[in-house]
Ligand code: GDP
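Numbering (the numbering used here), first residue to last: 2 to 588.
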């Protein structure tokens, strides 16, 4: 039995490992070098290498692999789902901004519509299903990483496979790495889509090298990472990409029981004119039939319409399928789990129980008042940035809110005055006017009549279609609210050699510049030995009989010192000249 057992991640940086082993980094780097591995402190090594390293260093330490909670959830879930019928893979597309996620998702969907198999509705919703080679594939059409993270936060694991899109002309970028990390953490399979291969600057070999640096070794180099070269613009490679999705899904043997009461997750919810609350539900297992009773969080429905994501009426829907459901009494929440129950009574009572629980723990209050409570509990040093958030769908709204809330710190916080789905409307404009809030819209419009209203009332409305840009803007506003940092800089020092005239608030004295450069007017501090006597202002400097603007080290000078509190200046006191500036801080 080893003396100590240390948990390490599947991948760990040399620096982090050294910290865990309580050894200097140089020792680890040295040991790696002995083994022919040239590593820096930030280099990642895998678990096996770490284990060998510990052995070679002769440490009595046993390493164990750290298991992320999410991994366990995945595994248990996977195991449970290994029986039953085959089900389609659920695929998420991730990657750096502008690398073509949206274009790729659109290209895949359009190809399907062109085949005439998808019904033809192109309205944007958070998931769609296509058929390829007579098999189904479900794509989550989510606005980037935040949504994926938000889904995970809600304890859900929807995705079997992540397509990481990397632009061939831009290479691996921070969000690419983040996406790889997300996928690994969630234990889902990765397919890399090298996009924009039609572009002139495309450099596929270099990109493969960069992928290798992230431990995604392509097959031709002896690894097992599936890489497909595509162009969302010219549609080259899209069928091959879908082939690969199916192939990876086959290896995973994705199955789900169809004969149990259906469960799954609400991945979007919005109000629709004439239809009331509309929810997009992704089925995890079981079968949903039209007319079933469904409970989701604090609301329920006798399913009025059961439709495919292209609006086609369905009689029933199977696992891994996203469906549109209407008939809910209240709008369900993004991330709510749903289940099919046997009758209305059960549905109502389950929904009421959740409703009560949420009321008790405060999670059913709107976010605005939740934020307020948090504010009251904190010290009154906090500056608030009030905002109103509008988004196109519930999923985006949750993502935006989750992301901007993460910007809060001890000094400045975002206060969400109100939030909702749909265009910026009159009541948003009024509320913004009275509360001083800034309105942020994500993928929504500002109708012309409201535009007039907001410009009259000088309400700031900011519309974005890229989530990172919206977050960035909020972050900039918060930065502006941070109290500036006061920075004092010493410019020079003088030792007092003589006092010429003293009045209540003014001293005329002379002395020798010991260091730096003195300028006037300037702020200064008086010290006697170690004692601090206070702050003064020097209004003018004289070299001999002449007024001067500056004097240098080694020179003698005279000066007028203004003291607000009477300081009894004496010979040998030190006058330290300094500047005081307020510097904007970064969040
Ligand atoms: P996202 O931020 O990852 O969703 O990226 P978008 O799908 O919005 O694409 C960003 C930009 O790249 C847009 O101007 C697209 O037209 C362009 N784009 C996307 N895919 C391709 C491609 O395969 N080839 C070329 N030439 N441009 C592309």
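Heads up, the beta-carbon is just placed ideally off N, CA and C, and yes, glycines get one too. A quick note: this is a predicted structure, and the numbers were derived from the prediction, not measured.
- A Cβ-Cβ contact shorter than 9 Å links residue 398 with residue 335.
- Secondary structure at residue 511: strand, using DSSP grouped into helix, strand and coil.
- Scanning its chain for C-beta atoms nearer than 8 Å, with the 5 sequence neighbours on each side dropped, one finds around residue 571 the residues 497, 500 and 529, in chain order.
- DSSP, reduced to helix, strand and coil, places residue 388 within a strand of the structure shown.
- Listed in chain order, the beta strand (DSSP E) elements of length 3 or more contained wholly in the stretch 385-428 are 413-422.
- Judged by DSSP in its simplified three-state form, residue 16 adopts helix.
- Apart from sequence neighbours up to five positions away, the residues of its chain that approach residue 518 with a beta-carbon distance below 7 Å are 492, 493, 551 and 553, ordered along the chain.
- Annotation: the continuous beta strand (DSSP E) that includes residue 548 extends over 547-549.
- For residue 338, the beta-bridge partners assigned by DSSP are 266.
- Residue pairing by DSSP places residue 36 in no beta bridge whatsoever.
- In the displayed model, residue 231 falls within coil according to three-state DSSP, outside both helix and strand.
- Within the model, the alpha-carbon separation for residue 160 versus residue 250 is close to 11 Å.
- Here residue 62 really is in contact with residue 7; their C-beta atoms are around 6 Å apart, less than 8 Å.
- Checking the 8 Å criterion, the Cβ of residue 233 is within range of a heavy atom belonging to ligand 1.
- Non-local beta-carbon contacts of residue 86 in its own chain, meaning distances under 7 Å to residues more than five positions away in sequence, involve 256, 257 and 259 in chain order.
- Looking at 12, 317 and 581, the one whose alpha-carbon comes closest to that of residue 65 is 12.
- Sequence-distant Cβ neighbours of residue 506 in its own chain, meaning closer than 8 Å and more than five residues away, are 563, 564, 565 and 567.
- Taking the C-beta atoms as reference points, residue 169 is found no nearer than 9 Å to residue 223.
- The Cβ atoms of residue 419 and residue 442 do not sit closer than 9 Å to each other.
- In the structure shown, residue 359 falls within a helical segment according to DSSP collapsed to helix, strand and coil.
- Excluding the 5 residues flanking it on each side, residue 297 has same chain C-beta neighbours closer than 6 Å at 267, 333, 337 and 339, in chain order.
- Taking residue 211 as the centre and dropping the five residues before and after it, the same chain places the C-beta of 172 and 173 closer than 6 Å to its C-beta, in chain order.
- The beta carbons of residue 273 and residue 311 sit no closer together than 9 Å.
- Looking at 207, 215 and 190, the one whose alpha-carbon comes closest to that of residue 254 is 190.
- A Cβ-Cβ contact shorter than 9 Å links residue 16 with residue 42.
- In terms of CA proximity to residue 113, 135 leads the group 135, 98, 95 and 96.
- In the DSSP assignment, residue 6 falls within the unbroken beta strand (DSSP E) covering 5-9.
- Linking residue 292 to residue 322 through their CA atoms gives a straight-line distance of about 17 Å.
- In the three-state reduction of the DSSP assignment, residue 236 falls in the coil class, being assigned neither a helical nor a strand state.
- Excluding its 5 nearest sequence neighbours in each direction, residue 542 has C-beta neighbours in its own chain below 8 Å: 519, 520, 521, 548, 549, 550, 551, 552, 558, 559 and 560, listed in chain order.
- In the structure shown, residue 533 adopts extended strand secondary structure according to DSSP, grouped into three states.
- Sequence-distant Cβ neighbours of residue 133 in its own chain, meaning closer than 7 Å and more than five residues away, are 243 and 247.
- Counting the other Cβ atoms within 10 Å of the Cβ of residue 584 gives fewer than 16, which makes it exposed.
- Between residue 166 and residue 101, the C-beta spacing is below 9 Å.
- With fewer than 16 neighbouring CB atoms inside 10 Å of its own CB, residue 484 falls in the exposed class.
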